[in-house]
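Heads up: the sequence shown begins at -10 in my numbering, then just goes up one per residue.
Glycine included, every Cβ here is placed at the ideal spot set by N, Cα and C.
Because the structure is a prediction, the values reported are computed rather than measured.
Written below as structure tokens is the structure these notes are about.
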Amino acid sequence: MDNDNNKKYKSKRKKPSSKVTNLEAVRQKAKAKSEQHNKKSNFYYSFLTIVLLICLVQIGFSALLNISKTISYQRKVVQIKQIRDEAEKKNKRLKQEIKDFSSVKSLEAIARNNLKMAGEDEVLILINDNKEEENINKKKKGIFNNVNR
-10 MDNDNNKKYK
0 SKRKKPSSKV
10 TNLEAVRQKA
20 KAKSEQHNKK
30 SNFYYSFLTI
40 VLLICLVQIG
50 FSALLNISKT
60 ISYQRKVVQI
70 KQIRDEAEKK
80 NKRLKQEIKD
90 FSSVKSLEAI
100 ARNNLKMAGE
110 DEVLILINDN
120 KEEENINKKK
130 KGIFNNVNR
């Protein structure tokens, strides 16, 4: 019986020892899977980190561009307002000149000065300078100048 018992024990011992080796193999496989999973996770997190950094750089760059565009647009707005104000002043001045020239007194003054006309009860005296006529004749060059003399 001892042999039978020994066989039983031996068989029982073999079985536990084979179970231990099976457990170790399972542990090694689990450990290998875990390491592989960790590697995949680390790669995934690294990839996400890089993508997020690229996104942050892009956001920062676009923010700087938007700020610079806003500043330049504000400058343009100020310049356009100045031009508009100057144009409004010029328009007011021109409207006032139109009113002034459309009045009878101003038309009379223009006619008197440019057309050499006189008003009622006025005597018009024209004084011609020979120097002015000579300058005018010198400026005129052509065939017909001699004919007029």
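Item, Value
"By the three-class DSSP mapping on this structure, what secondary structure does residue 35 have?", "helix"
"With DSSP collapsed to three states, give me the class of residue 105.", "coil"
"Considering only residues of the same chain and omitting the five flanking positions on each side of residue 100, which have a CB-CB separation below 6 Å?", "106"
"Distance check for residue 10 and residue 0, CA to CA, integer angstroms please.", "In this prediction, residue 0 scores a pLDDT of 49, lower than 50, which makes its location untrustworthy; no coordinate-derived value is stated."
"To the nearest angstrom, how far is it from the Cα of residue 74 to the Cα of residue 90?", "24 Å"
"Note down, in chain order, each residue of its chain lying with its Cβ closer than 6 Å to the Cβ of residue 37, except the 5 sequence neighbours on either side.", "none"
"Going by beta carbon distance, what residues of the same chain come within less than 8 Å of residue 41, once the five residues before and after it are set aside?", "none"
"Indicate the three-state DSSP secondary structure (helix, strand or coil) for residue 89 in the structure shown.", "helix"
"Excluding five sequence neighbours on each side, which residues of the same chain lie with their C-beta closer than 8 Å to the C-beta of residue 96?", "90"
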